[in-house]
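Numbering-wise (full-length UniProt numbering), the sequence shown opens with residue 1 and increments by one. No residue lacks a Cβ here, since even glycine has one placed at the ideal position from N, Cα and C. All figures in this text were calculated on a predicted structure; none of them were measured in a lab. Working notes for the structure below.
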Amino acid sequence: MQAVKDTINQASEKVQELGSGASKEANKDVAKNSDASIGTRAEAAKDAVSDKMDEASHGSKADLHGAKRDA
């Protein structure tokens with residue numbers, strides 16, 4: 001039963017990792033857009049950094065759940 005929970009948790013974290021990665025890339029594009037205001041660009045850059053941290057966190061958690069399941 002615990003293996004099933006770990007598999008579900010791993011999948012959930014992987015989905016969240018992918019979502020954070022997509023958001024990070026979108027924010028990077030906004031931050032690089034010279035047509036956007038400086039405030040918008042700065043906010044997007046800040047959000048991209050936050051998304052990168054979330055992406056790494058979710059990736060680590062997914063790996064942990066996978067390791068627990070395989071142990």
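Handout entry: Start-to-end residues for the alpha helix (DSSP H) that takes in ASN9
Key = Translated into the one-based positions of the sequence shown, residue 9 becomes position 9. Its alpha helix (DSSP H) spans residues 2–32.
Problem - Member of ALA36, ASP29, SER57 whose CA lies at the smallest distance from the CA of VAL15 - result: The residue labelled residue 15 in the question sits at position 15 within the sequence shown. Ranking ALA36, ASP29, SER57 by Cα distance to VAL15 puts SER57 first.
Handout entry: Supposed close pair ALA62, GLU25 - CB separation, criterion 8 Å
Key = Looking up residue 62 in the sequence shown gives position 62. Looking up residue 25 in the sequence shown gives position 25. Incorrect: roughly 19 Å between the Cβ atoms, too far for contact.
Practice task
Name the residue from MET1, GLY39, VAL4, ASN27 whose alpha carbon lies nearest to the alpha carbon of SER50.
Solution key: The residue given as residue 50 occupies position 50 in the sequence shown. Of the listed residues, the one whose Cα sits closest to SER50 is ASN27.
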